[in-house]
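Asks: Chains as they are written, first to last, in my numbering: chain C, 72 to 525; chain R, 72 to 525. Beta carbons: idealized from backbone N, C-alpha and C, even for Gly.
Number of protein chains: 2
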Amino acid sequence: MSRTTPKPMSGFPEFLPAQREVERQVIDTLSRTFELHGFANVETRAVEPMDQLLRKGDTSKEVYVLRRLNEESDEGHAGIGLHFDLTVPFARYVLENAGKLEFPFRRYQIQKVWRGERPQDGRFREFVQADIDVVGQGELPFHHDVEVTRVMLQALGRLADPGSIGLPGFTLQVNNRKLIQGFYQGLGVTDVDEAMRLIDKLDKMPADVIRKLLRDEAGLTDEQADQCLALAAISTDDDSFVGQVRALGVSNDLLDEGLAELAELVRACAGVATDRVRIRAELKIARGLDYYTGTVFETRLDGYENLGSICSGGRYDSLASDGRTTYPGVGISLGVSRVLVPLVNKGLVVADRSVPSVVLVALPDEESRAASDAIADQLRANDVPCEVAASPQKFGKQIRYAERRGIPYVWFTDREGGHQVKDIRSGDQVPADPSTWVPPTNDLKPTIVHTDNQ
Amino acid sequence: MSRTTPKPMSGFPEFLPAQREVERQVIDTLSRTFELHGFANVETRAVEPMDQLLRKGDTSKEVYVLRRLNEESDEGHAGIGLHFDLTVPFARYVLENAGKLEFPFRRYQIQKVWRGERPQDGRFREFVQADIDVVGQGELPFHHDVEVTRVMLQALGRLADPGSIGLPGFTLQVNNRKLIQGFYQGLGVTDVDEAMRLIDKLDKMPADVIRKLLRDEAGLTDEQADQCLALAAISTDDDSFVGQVRALGVSNDLLDEGLAELAELVRACAGVATDRVRIRAELKIARGLDYYTGTVFETRLDGYENLGSICSGGRYDSLASDGRTTYPGVGISLGVSRVLVPLVNKGLVVADRSVPSVVLVALPDEESRAASDAIADQLRANDVPCEVAASPQKFGKQIRYAERRGIPYVWFTDREGGHQVKDIRSGDQVPADPSTWVPPTNDLKPTIVHTDNQ
């Protein structure tokens, strides 16, 4: 149907088959980890009513609005757009189905989202996110904050495992809004939200500029601004941040609560962290305008700090509410495309074959196709993915056909009905029985080839 | 963030977790079958340029057009819409990446598509399709028509397996455009396309009405119209249709070619068909306005014939072309949502639990949480999905918590550190070691409970 060579569309990344295999294995690894912890999968529709989409702060400019091509004006359907995250749809899903869900409700959701942003490095208009959340009805104990952190750390640990997909390492940075708010209140700061919003810009602006903004825009004294910057400078990989905060001499009940929660979180996660996936109490993390009320998360990818946070989230005391019941939640969202697209595009991770086939069943001549099909079906009965050669070329050409696709084995049948299987990587060729032969487990699915990023 | 109870959106189906599990197992089963046959997975972006989307006949009314909420007029970006099938995007993907793909290229693609139709029974505005296609560069031998038919028959066979997901049976109906066109040409029909379009309406209108339309709108004589209707009435489950067509006394080279291809297809698929998944040569199938040039497919779901064809496709001699090279293809597309949504909404298929957890690790008191977490982590190390009780309620309440979610086992630890696992379906409770215990394989993932539809 297409008549000319199309060009890629900026901001809408697509993968070749061997690249898509990396994404699939990443999604499988995430799904398996989340399921091991009892998280149920959910998918929500791609669209939400515009009034829901425009509720969450300043993201309105990013929404793609939908219109039917021949829409009649009286259809009352103009008000839908594509979701820009998975939190707004999930909050709606919880309210819509509250009577049919069991709480605490653990769900994971791995779907595409869309944002009409100007495409830049690491920013896409269509991208995959992987979210986990635990939602309670009325209340949700703090141990679920620990739970989602541990689950995401384990998931990231599997992605960064050099024996598996081998992504670069991750640093999960945690903080607690109660800690910041309590500290600011204890200091006597009046516009706590504005001060927090400014501190959140420390990654983008020098401390001197932030200090000036804290004074000029949030009305802080020099001493208050210095204390806020001193708090934001605290960063530890254990609970020693507590002593450092105490040394700043501010006291406040909410601060105490935040310190206790964050210390518990960091201690409870120590056993899950590895040398490739670390956790840090990072007291400058505030998550800007998002409606978090306790724990907050950001995550850096080693060597790709310029991507910003690739895995963020936190605690909402009110993820959703129907006016009578409030649903608190805690969750974290991994930007799957944000992490993968740069690595894949640089060729740092790719599958070692572009097809699922482990075996190419050679075809001596076109008359033998039914016999070759029958051999392939015997292999498939033992869960061995395979394909029959497309045409009866010389065997050397059939072997090169397999090589180009990365298929490791070629199956030959001689005139007497004897079978041989050749590992074309080593050249080893051995007799084999199609009704019982299986390859080594490692060959069953494509292997991810990765440049070790550490 | 949400403040009121939202309502479902007509035409955008969503599933509860135990329903979504059915969809996941269906998609897993399809993916595994396609991969066993060497089909590589691909995902394309959700959007295409409007000029591509409006190319395929009369579907323009169905397209959702996208607009950025605050779009500036000079952005040149108004011309994108959501894809309404997976064939248009795939044809574009093949052209865009032709230099990087190996041909014949086998791909499967399971994604949501969107159509701005008025929602009716079985028609959705957002739905999942599962497509397989084989595409050649320049040429594509007929044996690939046989291949995609066999692969889809096997996939449907697994879905209909009463020991597995247990969907109702399927009848795959096949025909060949060359057969129809050759027959009409041999009859002397001048407007073959129009005659074919009218015959395609036989499911919706009585034969008498079609006969009249063939005369009045396609200019056929009474005798020609009767012959066309006689051809359309032929339906056999083997290659005996060849004799029945010959008996109508029409001769034409293209007809001969079509008869030979269709007979070969039906014979080659006989071994794959079962009592639940049948293949029929159904000579009224024409696939209306679609650009098929040989084999055509439609599929009926037993007991749900009112849904129309739930799995359709065929051969394109030009799936795509860049002006120099033509890419012929043959493919078939299963309407996953079209099949599942009615069955799921009637409660005919559902998973036996709403969570992946096989085990609920009981919690004697809040102080034991770390110990219970450690037991859960031991189970997870052996790939046993589990969760720790949310709160230290009485054990009877914890068992009911598991029951409501369909979790089959509850794990207890006594004060002396002894472990017991209870199958709450049978009540059996036995000592167990958390470092080695695994449930029977059947319990590892949720089982699909289905009303036997046959």
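Would the stretch 293-304 of chain R count as touching the stretch 392-406 of chain R if we require 3 or more Cβ pairs under 8 Å?
Replies: Because the criterion of three Cβ pairs below 8 Å is not met, the stretch 293-304 of chain R and the stretch 392-406 of chain R do not touch.
Asks: From the beta carbon of S439 (chain C), is the nearest beta carbon of chain R less than 8 Å away?
Replies: Position 368 of the first sequence holds residue 439 (chain C). Answer no: the Cβ-Cβ gap between S439 (chain C) and chain R never drops below 8 Å.
Asks: Whose Cβ in chain R lies nearer than 9 Å to the Cβ of C457 (chain C)?
Replies: For the purposes of this step, residue 457 (chain C) is taken as the residue at position 386 of the first sequence. Going along chain R in sequence order, the residues near C457 (chain C) (Cβ under 9 Å) are L107, H108 and G109.
Asks: What residues from chain R crowd round S408 (chain C), counting only those whose CB sits closer than 9 Å?
Replies: In the first sequence, residue 408 (chain C) corresponds to position 337, counting from 1. Near S408 (chain C) there are no residues of chain R at all, since even the closest Cβ is about 11 Å away, more than 9 Å.
Asks: Below 6 Å CB to CB, which residues in the same chain sit around L238 (chain R) once its five sequence neighbours on both sides are set aside?
Replies: The count along the second sequence starts at 1 and reaches residue 238 (chain R) at position 167. The answer, listed in chain order, is L230 and A231.
Asks: Run the CB neighbour count on M276 (chain R), radius 10 Å, all protein chains shown included, and call it buried at 16 or more, exposed below.
Replies: Within the second sequence, residue 276 (chain R) is the residue found at index 205, counting from 1. It counts as exposed.
Asks: Here's the rule: buried if 16 or more other CB atoms are within 10 angstroms of the residue's CB, otherwise exposed. What is D448 (chain R)?
Replies: Taking the first residue of the second sequence as position 1, residue 448 (chain R) is located at position 377. It counts as buried.
Asks: Ends of the alpha helix (DSSP H) at H215 (chain R)?
Replies: The sequence position of residue 215 (chain R) within the second sequence is 144, counting from 1. H215 (chain R) -> alpha helix (DSSP H) spans H214 to L230.
Asks: Identify the continuous beta strand (DSSP E) that holds P413 (chain C) and give its terminal residues.
Replies: Numbered from its first residue, the first sequence carries residue 413 (chain C) at position 342. Segment V407 to N416 is the alpha helix (DSSP H) holding P413 (chain C); no beta strand (DSSP E) there.
Asks: Going along the chain, which residues of its own chain have a beta-carbon closer than 8 Å to the beta-carbon of V159 (chain C), five neighbours each way excluded?
Replies: For the purposes of this step, residue 159 (chain C) is taken as the residue at position 88 of the first sequence. Around V159 (chain C): E119, Q123, L124, R126 and K127.
Asks: Given a limit of 7 Å on CB to CB distance, which residues of the stretch 94-105 of chain R reach chain C?
Replies: Those residues of the stretch 94-105 of chain R that come within reach of chain C (Cβ to Cβ, closer than 7 Å) are R95.
Asks: Helix, strand or coil, according to DSSP, for R178 (chain C) in the structure here?
Replies: Mapped onto the first sequence, residue 178 (chain C) falls at position 107. R178 (chain C) falls in the strand class under three-state DSSP.
Asks: When the distance is taken between beta carbons, is V337 (chain C) closer than 8 Å to I350 (chain C)?
Replies: If you number the first sequence from 1, residue 350 (chain C) lands on position 279. If you number the first sequence from 1, residue 337 (chain C) lands on position 266. Yes, these two residues count as a Cβ contact at 8 Å.
Asks: Identify each residue in the stretch 172-190 of chain C for which the Cβ-Cβ distance to at least one residue of chain R is less than 8 Å, and report them in chain order.
Replies: Per Cβ criterion, the list reads L172, E173, P175, R177, R178, K183, W185 and G187.
Asks: Quick one, which of R:S306, R:M80 and R:E92 has its alpha-carbon nearest L411 (chain R)'s?
Replies: The residue labelled residue 411 (chain R) in the question sits at position 340 within the second sequence. It is R:E92.
Asks: Check P399 (chain C) in the structure and name its three-state DSSP category.
Replies: Working through the first sequence from its first residue, we reach residue 399 (chain C) at position 328. P399 (chain C) falls in the strand class under three-state DSSP.
Asks: Look at the alpha carbon of S506 (chain R) and the alpha carbon of D423 (chain R), and state the distance between them as a whole number of angstroms.
Replies: Sequence index remark: in the second sequence, residue 506 (chain R) carries index 435 (1-based). Sequence index remark: in the second sequence, residue 423 (chain R) carries index 352 (1-based). In a straight line, the C-alpha of S506 (chain R) is about 26 Å away from that of D423 (chain R).
Asks: Decide if the stretch 323-332 of chain R is in contact with the stretch 243-260 of chain R; the criterion is three or more beta carbon pairs, one per stretch, under 8 Å apart.
Replies: Yes, the stretch 323-332 of chain R is in contact with the stretch 243-260 of chain R.
Asks: Apart from the five residues on each side of it in sequence, which residues of its chain come closer than 6 Å, Cβ to Cβ, to I181 (chain R)?
Replies: Position 110 of the second sequence, counted from the first residue, corresponds to residue 181 (chain R). Result list for I181 (chain R): I98 and A201, in chain order.
Asks: Just mark S322 (chain R) as buried or exposed, buried being the case when its beta carbon has 16 or more other beta carbons within 10 Å.
Replies: What you label residue 322 (chain R) is simply residue 251 of the second sequence in a count that begins at 1. Label assigned to S322 (chain R): exposed.
Asks: If you drop the 5 nearest sequence neighbours on each side, which residues of the same chain put their C-beta closer than 8 Å to that of I236 (chain C)?
Replies: Within the first sequence, residue 236 (chain C) is the residue found at index 165, counting from 1. Excluding sequence neighbours, I236 (chain C) sits near V93, Q96, V97, T100, R229, L230, V420, I519 and H521.
Asks: Closer than 8 Å, CB to CB, is M53 (chain C) near chain R or not?
Replies: This structure leaves residue 53 (chain C) out entirely; chain C is present only between 72 and 525.
Asks: Tell me where the beta strand (DSSP E) around N246 (chain C) begins and ends.
Replies: Locating residue 246 (chain C) in the first sequence gives position 175, counting from the first residue. That run of the beta strand (DSSP E) goes F241 to N247.
Asks: Applying the 10 Å Cβ sphere with the 16-neighbour rule, what's the burial state of D514 (chain C)?
Replies: Counting from one through the first sequence, the residue named residue 514 (chain C) turns up at place 443. Its Cβ being crowded by 16 or more others within 10 Å, D514 (chain C) is buried.
Asks: Using Cβ-Cβ distances below 8 Å, what residues of the stretch 343-364 of chain C are close to chain R?
Replies: Cβ contacts with chain R come from Y362.
Asks: Output needed for E85 (chain R): all residues of its chain with C-beta closer than 8 Å, excluding positions within five of it in sequence on either side, in chain order.
Replies: Sequence index remark: in the second sequence, residue 85 (chain R) carries index 14 (1-based). So the qualifying residues of the chain are P79.
Asks: Looking at the structure shown, is V263 (chain R) part of a helix, part of a strand, or coil, going by DSSP?
Replies: Within the second sequence, residue 263 (chain R) is the residue found at index 192, counting from 1. It is helical.
Asks: How big is the Cα-Cα spacing for H148 (chain C) and N168 (chain C)?
Replies: Position 77 of the first sequence, counting from 1, holds the residue named residue 148 (chain C). Position 97 of the first sequence, counting from 1, holds the residue named residue 168 (chain C). Residue placement at H148 (chain C) is flagged as unreliable, the pLDDT there being 49, under the threshold of 50; the coordinate-derived value follows with that caveat. Between H148 (chain C) and N168 (chain C), the C-alpha separation is close to 23 Å.
Asks: Can a CB atom of chain R be found closer than 8 Å to the CB of E474 (chain C)?
Replies: For the purposes of this step, residue 474 (chain C) is identified with residue 403 of the first sequence, where counting begins at 1. Closer than 8 Å: no.
Asks: Smallest Cα separation from F83 (chain R): which of C:A117, C:Y480 and C:V113?
Replies: The count along the second sequence starts at 1 and reaches residue 83 (chain R) at position 12. When each option's Cα is compared against that of F83 (chain R), the closest is C:A117.
Asks: Who pairs with I236 (chain C) in a beta bridge, going by DSSP?
Replies: Translated into the one-based positions of the first sequence, residue 236 (chain C) becomes position 165. Answer is none; I236 (chain C) lacks a bridge partner.
Asks: Would the stretch 428-439 of chain C count as touching the stretch 477-489 of chain C if we require 3 or more Cβ pairs under 8 Å?
Replies: Yes: at least three Cβ pairs fall under 8 Å.
Asks: Which chain R residues are close to N513 (chain C), counting only those with a beta carbon under 7 Å from its beta carbon?
Replies: The residue labelled residue 513 (chain C) in the question sits at position 442 within the first sequence. Correct list: empty, because the minimum Cβ distance to chain R is about 17 Å.
Asks: Check each residue of the stretch 407-430 of chain R: if its Cβ is closer than 7 Å to any Cβ of chain D, include it; give the result in chain order.
Replies: Absent from the structure: chain D. Protein chains present are C and R.
Asks: Within 8 Å of any Cβ in chain C, is that where the Cβ of R91 (chain R) sits?
Replies: If you number the second sequence from 1, residue 91 (chain R) lands on position 20. Chain C contact via Cβ: present.
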